[in-house]
Structure formats: structure tokens, C-alpha cells
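Structure record follows, encoded as C-alpha cells.
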Amino acid sequence: MLYRTLKRMIERGQTEGLEEKIDIFFAVGKVTESEYQELIGMLHAEV
């Protein structure tokens, strides 16, 4: 659920401060490593 929401935010361009939040979600185990890598890759492609 959280992964899909984050992915949708990136697709919509709502990325301000998002990398930091994704890092925190990964650190506390809310997203898996593969989800984290995909989200960060998408985020960096947007920039």
C-alpha cells in the first residue's frame, strides 16, 4: 500500500523531500529493499 502511494507520488511529480521519507520508510522496514531501489531509481530519473 505505502509502496504504491509513493510510486504514484513520483509519477505525479510530487517529489519534494520524498527521498528522505523513502529512506526512513526503508530503515524502519515499511518498504522492502527491491521496492526501495525501484522508488529511488524512479525518483532520480525524474530529477
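Numbered as in the numbering used here, the sequence shown ends at 110 without a single skipped number.
Every residue, glycine too, gets a C-beta built ideally from N, C-alpha and C.
Since we're looking at a predicted model, the values are computed, not measured.
- Around the beta carbon of L102, a 10 Å sphere encloses 16 or more other beta carbons of the protein chains shown; the residue is thus reported as buried.
- A straight-line Cα-Cα distance of about 18 angstroms links E74 and D86.
- In terms of Cβ geometry, E82 and L65 do not form a close pair [threshold 9 angstroms].
- Contact between E98 and G76 is ruled out by a C-beta separation of about 20 angstroms, above the 8 angstroms threshold.
- According to the DSSP assignment, M105 belongs to the alpha helix (DSSP H) that extends over E96 to E109.
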